[in-house]
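Here is the structure we will look at.
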Amino acid sequence: MELASKYNPADVEGKWYQYWLDHHLFSSKPDGREPYTVVIPPPNVTGVLHMGHMLNNTIQDILVRRARMEGKNACWVPGTDHASIATEAKVVNKLAAQGIKKTDLTREEFLKHAWEWTDEHGGIILKQLRKLGASCDWDRTAFTMDEKRSESVWKVFVDLHDKGLIYRGVRMVNWDPKALTALSDEEVVYKEEHGKLYYLRYMVEGDAEGRYAVVATTRPETIMGDTAMCINPNDPKNEWLKGKKVIVPLVNRVIPVIEDEYVDVEFGTGCLKVTPAHDVNDYMLGEKYNLPSIDIFNDDGTLSEAAELYIGMDRFDVRKQIEKDLEAAGLLEKTEAYTNKVGYSERTNVVIEPKLSMQWFLSMQHFADMALPPVMNDELKFYPAKYKNTYRHWMENIKDWCISRQLWWGHRIPAYFLPEGGYVVAVTPEEALAKAKEKTGNAALTIADLRQDEDCLDTWFSSWLWPVSLFDGINNPGNEEMKYYYPTSDLVTGPDIIFFWVARMIMAGYEYEGQMPFRNVYFTGIVRDKLGRKMSKSLGNSPDPLELIERFGADGVRMGMMLSAPAGNDILFDDALCEQGRNFCNKIWNAFRLIKGWKVDEEATTPEATALAMDWFEAKQNEVAAEVADLFGKYRLNEALMAVYKLFWDEFSAWYLEIIKPAYGKGIDSATLHRTLRFFDNLLHLLHPFMPFITEELWQQLADRKEGESLMVDSMRFDDKVDATLLADFESVKGIISNVRAIRLQKNIAQKETLELQVNGTDPLPSFASVIIKMCNLSGINQAADTQEGVASFMVGTTEYAVPLGNMIDTEAEIARMEAELKHKEGFLQGVLKKLGNEKFVNNAPEAVIEMERKKKADAESIIHSLKESIAALKKG
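Under our numbering, think of the first position of the sequence shown as 1, with each following residue one higher.
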């Protein structure tokens, strides 16, 4: 079959992906091979493919495909996350567009809409991943709210409650006034804000002189909840307030002045208003001094009747109004500009409100004690290792996890309240009834007498079980698949969810399996645009991944992503990298067309230069294969790709194929063609994990394949033997050839003109003469004459070489031309050096780009050196 003149990804990608599916090549069942297991970080059912997903799943696919080719039983388990807050918000918005309020519906009616929405949108992102080439075992696709995963969640809740690790109580929580739910500390993002510091006058009760204390606050709208003022007992400037009572401005409530060393004497005036219901530190003071707690906010951030003033107004509108009212009442001393960090909901991006609320919590110290040592001891490895310190800091300062959410979409908390007070926890209502009868001694109780908790569990409470629940390890401990696939091998994720997900999975793994859930964690960086900005819809700087695949092909996009993706460092993404990937696909395609276009001459023997080139490339290929294996072991995947890229582009295409290429109109000997096709086969094996589609297409055309055969499951075959002397000698050979070619270019000598090469002293590379003669079109390689006039000379290693020029050039014109070129090259080199001397560029640019600049520098320096020597020689002559 004749290959098209140009590679067209659209003709190839869908065809081979369907072939892989039809032959169940992504499927995995336990067998005698070494398992290699990866679980996908489950994308939200609300989501569509974005650049972060592209990067994350490309890396996973590279690792999984590499493992298959190493003969391992690779199992990549896909799935999606129900995303309580995000999905509920989407459904609420959709209903609102139809004129339906959530409050108008029963829980069951709302959940029907939520399931319909999930069924419609939930699989979109997984289908999109197929376009990328993701080789997931789709038969294993899971959902955090499917039957097995849901049962696992409820069983774990009951188990941890029975162990005394889950408790219920009124605590200060982070409240999201838009989503109307509590959040864990990890779901709060702190942003620096420029606001005001308000200095308020609190009149001293019964003071004949009309004295007052001044309190500095950033939140004057909370004064309606003040129940005390606090001073530091060691603060001399406020000593006069000891034992006094003050009056809350506008509210006219009399509150005591209490003393505690918690108060910072340097902040503001050293007087602190205490609002136990609306500040976590004030809450602790309230507990300590038994202060009343007044919750002045409704769940949506408006003021409640308990506030007595501004009832029904939004908290930020109150802030504006109360400033005016305080000033009018003579109770505002002053305001001043103030910058502080304000907590925002990670999900809805609204300012969170500290709020006293009855919630469910998980005690975390027990888990932190188990999960910290294995990471710090490198039993479970982080790549890059710098994230160990981030992990340690969080573990050593662990707080209990608020696991309840005031939502309907999610895993409903399996707690059932009893008619006479108290509650039981159970996986099913039937089990709850049995427990309730036992607890109360009332045999007449029915399920209708029990009231299940209205709240749902935090989404992360299901995904922390992901590596265990995917193999049904909670419901069926010690089952065959758990024993075979667990612990999983590699987790690929972003460092932004190290606390939400990675740490908690490690905790759950040790709690329920007594061992780590995965052996290695590869942290990707954040995908940024070429200006260094984080990609986002709002900035409009994030390309549509599917559009990129349409333009450049999946292999081109994968390569573009990986060239710019060092582990743990941010990725500066540029479409030009995908273009480079597409160009590389064309290079591979054209190299194959060239080889397949050669006709075999059965009578031809292998030329000496070709035999040398084959031995050299075999050694080079083995060397790079070992380097790639080492880089995979260190998770330096972008460097592994660059090594294979250079092997194909520079060594195979630019050198090997040029050396062995038969003369125009001549055939090639069968031994050379056979060995060259084997080299090409090996190159396809090295490239396949990175570029699966084009490599499968060409591998299928390399030989007659049986139906069902695939490069994807064809083992790699590389020799451990690397002839270091041969490789070093060949680098010198390449240096000689490059210098002779540079002389031709500089002197404008046509390739068809035969040159002589002279060696000053003993020829260090006599056995490679045939290669040098062929590649340089030489009449021969001879000893240099005693007098070296009219020659262009150069050094390779410690040996000097010369090319006699005779009457081939006009000396004066050549000197003028070379001096002009020298000036140009020196200017070019200065530009490159300036770029490489720019610390910001070196720290932020992709390794591929920096490597390119370094190559430009080396090339320019080599040409400058050669030009200077040539000019000096011509002037001397």
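Backbone N, C-alpha and C define an ideal beta-carbon position, used for all residues, glycine too.
All of these numbers come straight from a predicted model, not from anything done at the bench.
Coil, strand or helix - residue i by DSSP
i	result
P151	The residue you asked about is not Pro; residue 151 is Glu in the sequence shown. Helix at E151.
A565	coil
I40	coil
N541	coil
A724	helix
A750	coil
C456	strand
W464	coil
Q359	strand
C75	strand
C585	helix
S732	helix
Q783	strand
D490	strand
D136	At residue 136 the sequence reads Cys, which differs from the Asp that was named. If DSSP states are grouped into helix, strand and coil, C136 belongs with coil.
T811	helix
N760	strand
E193	strand
L129	helix
T695	helix
P35	strand
One or two residues paired with residue i in a DSSP bridge
i	result
K829	The question names Lys, but residue 829 in the sequence shown is Leu. Answer by DSSP bridge pairing: none, since L829 is not bridged.
M229	V257 and K273
E353	W175
V280	For V280, which the question treats as bridged, DSSP gives no partner whatsoever.
P374	BP columns for P374 are empty, so no partner.
P804	V791
K334	Y199
Residue burial classification, residue i (beta-carbon count within 10 angstroms, cutoff 16)
i	result
V842	exposed
G665	exposed
R65	buried
V77	buried
N56	buried
S184	buried
W240	exposed
Y7	buried
S897	The first residue shown for the chain is 1 and the last is 877, placing residue 897 beyond what the model contains.
Proximity of residue i and residue j at Cβ, strictly below 8 Å
i	j	result
T269	V342	no
V502	G52	no
I595	L491	no
M559	F584	yes
A643	F632	no
A609	V771	yes
L356	S293	yes
H411	W117	no
L200	L331	yes
I506	A371	yes
P177	V350	yes
T754	S738	no
Through-space distance from residue j to residue i, alpha-carbon basis
i	j	result
F143	V427	19 Å
F187	T181	Contrary to the premise, residue 187 reads as Glu rather than Phe in this sequence. Roughly 12 Å separates the two Cα atoms.
D139	G14	19 Å
S710	Y17	11 Å
L702	L726	29 Å
I668	P662	6 Å
L465	D458	13 Å
D453	M358	12 Å
W616	F730	7 Å
K646	S462	44 Å
L362	I85	20 Å
E147	N475	11 Å
I498	V158	26 Å
I659	K734	11 Å
E435	T348	In the sequence as displayed, the identity of residue 435 is Lys instead of Glu. Cα-Cα distance, rounded: 39 Å.
T217	Y198	5 Å
E627	V38	24 Å
E756	A728	24 Å
Residue i at chain C interface by Cβ criterion, 8 Å
i	result
G71	In the structure shown, chain C cannot be found, because there is only a single protein chain.
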